Amino acid sequence: MKRIVNLLKKIPRGIYLKSEMIIHWWLFKISKNWVILDRISLGLRPAIWKLIGCHIGKNVAIGYDVYFDVHNASLIYIEDSVWVASRCLILCHKRDLTNYHKYDDYNSLGYNKLPVTLKKGCVVGMGSIVMPGVTIGEGAIIGAGSLVVNDIPAWTIAVGNPAKVVKVLEERKS
Numbered sequence: 014m015k016r017i018v019n020l021l022k023k024i025p026r027g028i029y030l031k032s033e034m035i036i037h038w039w040l041f042k043i044s045k046n047w048v049i050l051d052r053i054s055l056g057l058r059p060a061i062w063k064l065i066g067c068h069i070g071k072n073v074a075i076g077y078d079v080y081f082d083v084h085n086a087s088l089i090y091i092e093d094s095v096w097v098a099s100r101c102l103i104l105c106h107k108r109d110l111t112n113y114h115k116y117d118d119y120n121s122l123g124y125n126k127l128p129v130t131l132k133k134g135c136v137v138g139m140g141s142i143v144m145p146g147v148t149i150g151e152g153a154i155i156g157a158g159s160l161v162v163n164d165i166p167a168w169t170i171a172v173g174n175p176a177k178v179v180k181v182l183e184e185r186k187s
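The sequence shown begins at 14 in the working numbering and counts up one residue at a time.
See the structure below:
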């Protein structure tokens, strides 16, 4: 291991950064929807996203064809026992439209980068989109195809476009 570390120290910084970008690109390609991953357990996907920079807890399941904001992966926080179903999209950046006016160049606008947090035990239903700056509370369930633009409280069910709370989950009566 020391030998590898010493070799890395000798590589000029610019070359090292470029190789790091290539590795991130490669990991991103693998983590998306390569056919080879269809044969591998869902437990491998969180490990790949950890390598890219996401903060992921234990017992996390990430379905097939899930897209995370790879360039802002360090802003994604997923706690223990979270399920992200297939074809979900989690974004951490959006265009800054605060000073956007008629005839302005949209491409010249900057980005707002905001963290996304999925609290312990929450479920994000198939095909849902989670926008930047959102926190999905502990035990919350997001229905399939929902667009989450605001925080979702703990122990609720939210569905729709935009996602709205339709039910508050109560404790089981014994």
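From the three backbone atoms N, C-alpha and C, an ideal C-beta is built for every residue, glycine too.
Owing to the predicted nature of the structure, the values given are computational and were not obtained by experimental measurement.
Margin query: Please classify D228 as buried or exposed, where buried requires at least 16 neighbouring CB atoms within 10 angstroms.
Written below: Given a span of 14 to 187 for the chain in the structure shown, any question on residue 228 remains unanswerable.
Checklist line | Cα-Cα separation between T169 and K132, rounded to whole angstroms | finding: Stepping through the sequence shown from its first residue, residue 169 is reached at position 156. Stepping through the sequence shown from its first residue, residue 132 is reached at position 119. When rounded, the distance between both Cα atoms is 12 Å.
Checklist line | Option nearest V10 by Cα separation, candidates R58, G138, C105 | finding: Because the chain in this structure spans residues 14 to 187, residue 10 falls outside the shown range and cannot be described.
Checklist line | At least three beta-carbon pairs within less than 8 Å, the region 160 to 176 to the region 109 to 117 | finding: no
Note to self: With distance defined between alpha-carbon atoms, name the residue in S141, I89, I155, L127 nearest to K180.
What the structure shows: The sequence position of residue 180 within the sequence shown is 167, counting from 1. Per the Cα distances, I155.
Margin query: For the ligand GDP, is there any heavy atom lying closer than 6 Å to the beta carbon of P175?
Written below: In the structure shown, the ligand GDP is absent, as is every other ligand, since no ligand is present at all.
Margin query: Using only the alpha-carbon positions, how far apart do G138 and A176 sit?
Written below: Locating residue 138 in the sequence shown gives position 125, counting from the first residue. Locating residue 176 in the sequence shown gives position 163, counting from the first residue. Going from the Cα of G138 to the Cα of A176 covers about 12 Å.
Margin query: I need the DSSP call for W62, collapsed to helix, strand or coil.
Written below: Residue 62 sits at position 49 when you count from the first residue of the sequence shown. If DSSP states are grouped into helix, strand and coil, W62 belongs with the helices.
Check: For the putative contact between G76 and S94, defined by C-beta atoms under 8 Å, what is the C-beta separation to the nearest angstrom?
Finding: Stepping through the sequence shown from its first residue, residue 76 is reached at position 63. Stepping through the sequence shown from its first residue, residue 94 is reached at position 81. With a Cβ gap of about 15 Å, G76 and S94 do not count as contacting.
Note to self: I need the boundaries of the beta strand (DSSP E) containing V178, first residue and last residue.
What the structure shows: Walking along the sequence shown from the start, residue 178 turns up at place 165. That run of the beta strand (DSSP E) goes 177 to 181.
Next item on the list: Take W47 and list the residues in its own chain whose beta-carbon comes closer than 7 Å to its own, dropping the five residues that flank it on each side.
Entry: As a first step, residue 47 must be located in the sequence shown, where it is residue number 34. Unreliable placement is indicated for W47, whose pLDDT of 48 sits below 50; the coordinate value is still reported in the next sentence. Closer than 7 Å at Cβ, skipping near neighbours: no residue.
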